[in-house]
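Undergrad: Our numbering applies: residue 26 is where the sequence shown begins, and numbers increase by one. Here a beta-carbon is modelled for each residue, glycine too, at the ideal position from N, C-alpha and C. Bear in mind that the values here come from a model prediction, so they are computed numbers and not experimental data.
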Amino acid sequence: MQSTDLGNKESGKIWHRKPSPATRDGIIVNIIHNTSDYHPKVLRFLNVAFDGTGDCLIAGDHQGNIYVFDLYGNRFNLVQRTAQACTALAFNLRRKSEFLVALADYSIKCFDTVTKELVSWMRGHESSVFSISVHASGKYAITTSSDTAQLWDLDTFQRKRKLNIRQSVGIQKVFFLPLSNTILSCFKDNSIFAWECDTLFCKYQLPAPPESSSILYKVFAVTRDGRILAAGGKSNHLHLWCLEARQLFRIIQMPTKVRAIRHLEFLPDSFDAGSNQVLGVLSQDGIMRFINIQTCKLLFEIGSLDQGISSSVISPHGRYIASIMENGSLNVYSVQALTQEINKPPLPLVKVIEDLPKKKLSSSDLKMKVTSGRVQQPAKPRGSKIQTRILKQDLTGDFESKKNELPDGLNKKRLQILLKGYGEYPTKYRMFIWRSLLQLPENHTAFSSLIDKGTHVTFLNLQKKYPIKSRKLLRVLQRTLSALAHWSVIFSDTPYLPLLAFPFVKLFQNNQLICFEVIATLIINWCQHWFEYFPNPPINILSMIENVLAFHDKELLRHFIDHDITSQLYAWPLLETVFSEVLTREEWLKLFDNIFSNHPSFLLMTVVAYNICSRVPLLNCNLKDDFETVEDMQAEVDQQRVEDEAWCQKQELLRKAEETRREMLLQEEEKIIQQRQRLAAVKRELQVKEMHLQDAARRRFLKLQQDQQEMELRRLDDEIGRKVYMRDREIAATARDLEMRQLELESQKRLYEKNLTENQAAVAKEMRADADAYRRKVDLEEHMFHKLIEAGETQSQKTQKVIKENLAKAEQACLNTDWQIQSLHKQKCDDLQRNKCYQEVAKLLRENRRKEIEILNAMVEQEAKKWKEAEGKEFCLRSAKKASALSDASRKWFLKQEINAAVEHAENPCHKEEPRFQNEQEDASCLPRTSHLNDSSEMHPSTQISLNRRAVEWDTTEQNLIQKVRNLRQRLTAQARHRCQTPHLLAA
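Following this line, the structure appears as structure tokens:
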């Protein structure tokens, strides 16, 4: 293994002796970058990418140094210093000398490796770009970061579209499918969408993987034909999706030592038509394992636990693998050396067996004759007996059914029925049916090993013998014949091999592996006995054709024998060219539809059938020269070919001269183009500088605008602060005014309450005075009444005492009730007044001074109401006093009448006065009530109700008192009568 240190060199050789990679590790060269400063250090490579040819790669380190390594020319060059780490690279643009680099400042730049100048500068990402995918045409590119993906036009370096997503769903990768116009977007929630590049129309979405093996996808890889998508993540499972069927068709489990997959990439093969079968899997242990996704076998691996791999890139043609190691160095691997043991060519098809010296077979022993119903085999010695077994019919049935089964679900019997009905296979499916009928192995590794051996010496000058206009066709024919010659040495000396292979090469020129395997299968199965008389024509085969012709057309065969025409003249030219010179393309394809679908002897029957179909012109040929018209024509063709070759050589010289002049013109044009490019680069640089200046001016202008806006904002903030301060001061002043007003209201309230208390105290004092006067009056009345009933008995005194007490209690209860009624009424009025005051104060706080007038008006109205109520109560009080005066007058009159009656009775005990007493009682009882009723009509309703209640109580008390007095007078009268009847008692 060679190692190269870049050091401070800007260019040089990659290796100093021809690399010979070992089969064990396959390393061509190990590239490191150490600085030679006072403190040397290793500059780590971060990213690497191949160009479209696969022979050049570009790599960037963490200091922004970008190198181009030409593996074919063994040179490296420092093409750019970006002064910041690169996060992604792309080197397969339409202009071969340009490359894209994503930098740590989230920008993408395009540089030219030849002029080493900046081509364009693209911005738009807000996070690190970790992936750059370029369209197959090189016209578009997709740059991907964790939050967005952007589509760029590389002709104008303008952004066309931008993919925005929710923050909760991040992007894993967005890339173009190879050789197609489809964009595949993979997100962190395992959703995968396919979009049309031009219209960005969503073509389809892959379904969710099964829950039993669901993993979070982190890395992806697609085959070159865009049919299979491989996905992996933090698991040892790989999911293989069929993008055509849009379903998961296989899950591959890696070894148990693999816990997570960091990178996936398919290994390209030049002969697999893009259907890559080998997948490289880089796991967490730094080892990249290459597996076959069909057989699930581990083919080889690179890296080790000591020298782990960080990331890898495979060249487009599949010859090199560039890996960035965990120590920061760059390893380049040879795929051919790694697959040398796997791609060993198979053993030669033809092996020579030497004859025994004693036993020799004559030509007569190899002849076969055709009889009716059976084919005769070569004669055998009499002494030798061969035992044979006949298979029973029931055993052949299973064998035939298995024999008719073909790969991909086809059946040979059904294909034969289809061919019999239509005469040919559908053009669209012909190649597919041929591959199934021939059961081609499609051994890419073996064919690659044969191709890698290069052009065989026998076919170096093939164009001189077989001049073909199409260079591509000539190159494919030369490569196919060389592979056949390397496969078996006998084919290098087979003169008719180019004639036999040419129609298949022309048909399969875009798939050389299939072409090689079809020719090899044809030789093995249909031409296996052609080499028994090599280098002579296959006499045994020609004898079989002659026997068949004798069986079907004896007249034609007799005609050939009579004119000394052998099968080498009428049969062998058809076989060695496989009818390609006597049939058109469509006829030839129909013929081989039938040849591949039938027994190998069908080819021999075709030769016989062709001669029988041409029997009329053949029977008309009477001379051997007529039959050798073909050979003369061949000679003429050869002469014409020589002349054509001379003419072609002249034309070639002219063409070369023209090409030389054209190259000179192209060089001049290239120089002009380069000058124009340099001028364009200078112009772009000036434009970039102008853009930078404009950007700086714009930034200064924006900074000035920003400063002005900030000053305006500060002024507005100051104004707002001042207004807020003034508002706070006004609010504080208003609050103080409200507090003062509240204090004034409180003082007014306390003054009003004080006045009210004083009024209440005056009223209470007046009421207490009235009560005292009333009590004195009652005491006087009781004293007067006590004098009236002093002459009564003790029981009468007790009764009178009880009556007095009850009367006093009733009067006191009446007074207490009136006091309570008045107190409750005052409290209610006070509560109403206080509630209204509170409401008015709250309104004052909300409506400030406007409500003060309403409060004053309300207070005036309340004051008027109070005065009115006071007048009503005063009127009631006057009415009550008037009624009390009437009651006092009535009682005084009643007591006076009773005293007079008692005096009269004492003077004249036997005098009758019941009737007068009754009339006086009626007059006394009617007098106050009439006066009371006359005055009640002018009183307040509540006052009138209370006065009526008091009048009723007074009337009841008075009636009880009168009834008691009446009873007392009756007892006194009875005692007086008794005294008159008993004089001795009276005298006593």
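Would DSSP call residue 87 helix, strand or coil?
TA: Coil.
Undergrad: In chain order, which continuous runs of the beta strand (DSSP E) of length 3 or greater are located wholly inside the stretch 299-348?
TA: Listed in chain order, the complete beta strand (DSSP E) runs (minimum 3 residues) inside the stretch 299-348 are 303-308, 313-317, 322-327 and 334-339.
Undergrad: Once the 5 residues before and after residue 786 are set aside, which same chain residues still bring their CB inside 7 Å of it?
TA: Here the set comprises nothing.
Undergrad: According to the neighbour-count rule (16 or more other Cβ atoms, all chains shown, within 10 Å of its Cβ), is residue 914 buried or exposed?
TA: Burial call: exposed.
Undergrad: Quick one: what's got a C-beta closer than 8 Å to residue 276's C-beta in the same chain, skipping five residues either side?
TA: Cβ neighbours of residue 276 beyond the five flanking positions: 238, 262, 263, 264 and 265.
Undergrad: Can you pull the DSSP bridge partners for residue 288?
TA: In the DSSP output, where bridge partners are listed per residue, residue 288 has 307.
Undergrad: Tell me which residues share the same chain as residue 463 and place their Cβ nearer than 7 Å to its Cβ, disregarding the 5 neighbours each side in the sequence.
TA: Counting only Cβ-Cβ distances below 7 Å, and skipping sequence neighbours, we find 543, 546 and 621.
Undergrad: Could you name the residues of the same chain whose beta carbon sits closer than 7 Å to that of residue 278, not counting the 5 residues immediately before and after it, in chain order?
TA: 261 and 262.
Undergrad: Who are the Cβ neighbours of residue 499 in its own chain at under 6 Å, not counting the five residues just before and after it?
TA: Excluding positions up to five away in sequence, the list reads 488 and 493.
Undergrad: Is the distance from the Cβ of residue 357 to the Cβ of residue 54 below 8 Å?
TA: Going by C-beta atoms, residue 357 is nearer than 8 Å to residue 54.
Undergrad: From 645, 757 and 359, pick the residue whose C-alpha is nearest to that of residue 49; which is it?
TA: Among 645, 757 and 359, the Cα nearest to that of residue 49 belongs to 359.
Undergrad: Between the C-alpha atoms of residue 44 and residue 51, what's the straight-line distance to the nearest angstrom?
TA: Cα to Cα, the separation comes out at about 10 Å.
Undergrad: Classify residue 76: buried if its beta carbon has 16 or more other beta carbons within 10 angstroms, exposed otherwise.
TA: Result: buried.
Undergrad: So, at 6 Å on beta carbons, what are the nonlocal neighbours of residue 60 in its own chain, with the 5 sequence-adjacent residues on each side left out?
TA: Result list for residue 60: 66, in chain order.
Undergrad: Could you give the DSSP three-state label for residue 29: helix, strand or coil?
TA: DSSP places residue 29 in strand when its eight states are reduced to three.
Undergrad: Could you tell me the distance, in whole angstroms, from the CA atom of residue 347 to the CA atom of residue 533?
TA: When rounded, the distance between both Cα atoms is 33 Å.
Undergrad: So for residue 704, helix, strand or coil by DSSP?
TA: Correct three-state label for residue 704: helix.
Undergrad: So, for residue 259: in the same chain, excluding its five sequence neighbours on each side, which residues have a beta-carbon less than 6 Å away from its beta-carbon?
TA: The residues are 285.
Undergrad: DSSP state of residue 680, grouped into three classes?
TA: Note: residue 680 maps to helix in three-state DSSP.
Undergrad: Can you look up residue 147 in the DSSP assignment and give me helix, strand or coil?
TA: It is a strand residue.
Undergrad: Just reading off the beta strand (DSSP E) that residue 123 is part of, what are its end residues?
TA: Residues 123-128.
Undergrad: Can you check the stretch 476-534 for any alpha helix (DSSP H) of at least 4 residues that lies completely inside it and give the ranges in chain order?
TA: Taking only runs of at least 4 residues, the alpha helix (DSSP H) segments lying wholly in the stretch 476-534 are 487-490, 496-512 and 522-532.
Undergrad: Taking the beta carbon of residue 211 as the centre, do at least 16 other beta carbons fall within 10 Å, making it buried, or is it exposed?
TA: The residue is buried, with at least 16 neighbouring Cβ atoms inside 10 Å.
Undergrad: How would you call residue 457, buried or exposed, if buried means at least 16 neighbouring beta carbons within 10 angstroms?
TA: Exposed is the call here.
Undergrad: Check residue 605 in the structure and name its three-state DSSP category.
TA: The answer is coil: DSSP assigns residue 605 none of H, G, I, E or B.
Undergrad: Under 8 Å, with one C-beta from each stretch per pair, do the stretch 446-456 and the stretch 603-617 reach the 3-pair mark?
TA: At 8 Å Cβ cutoff, the stretches touch.
Undergrad: So, are the CB atoms of residue 307 and residue 70 less than 8 Å apart?
TA: No; because the gap between Cβ atoms is not below 8 Å, this pair is not in contact.
Undergrad: At the level of alpha carbons, what is the spacing between residue 283 and residue 79?
TA: Roughly 30 Å separates the two Cα atoms.
Undergrad: With the cut-off set at 8 Å, would you say residue 225 and residue 271 are in Cβ contact?
TA: Cβ atoms of residue 225 and residue 271: not closer than 8 Å.
Undergrad: Considering just the uninterrupted stretch of the alpha helix (DSSP H) at residue 455, what are its terminal residues?
TA: That run of the alpha helix (DSSP H) goes 455-463.
Undergrad: Check whether the Cβ atoms of residue 241 and residue 254 sit closer than 8 Å, and answer yes or no.
TA: No, they are not a contact pair.
Undergrad: I need the DSSP call for residue 184, collapsed to helix, strand or coil.
TA: Correct three-state label for residue 184: strand.
Undergrad: May I have the straight-line CA-CA distance separating residue 886 from residue 772, to the nearest angstrom?
TA: Cα to Cα, residue 886 sits roughly 20 Å from residue 772.
Undergrad: Going by beta carbon distance, what residues of the same chain come within less than 6 Å of residue 397, once the five residues before and after it are set aside?
TA: Annotation note: pLDDT 32 at residue 397 (below 50); position unreliable, no value reported.
Undergrad: So, at 8 Å on beta carbons, what are the nonlocal neighbours of residue 647 in its own chain, with the 5 sequence-adjacent residues on each side left out?
TA: For residue 647, where only same-chain residues beyond five positions count, the Cβ hits under 8 Å are 588.
Undergrad: For residue 98, which three-state DSSP category applies?
TA: It is coil, neither helix nor strand.
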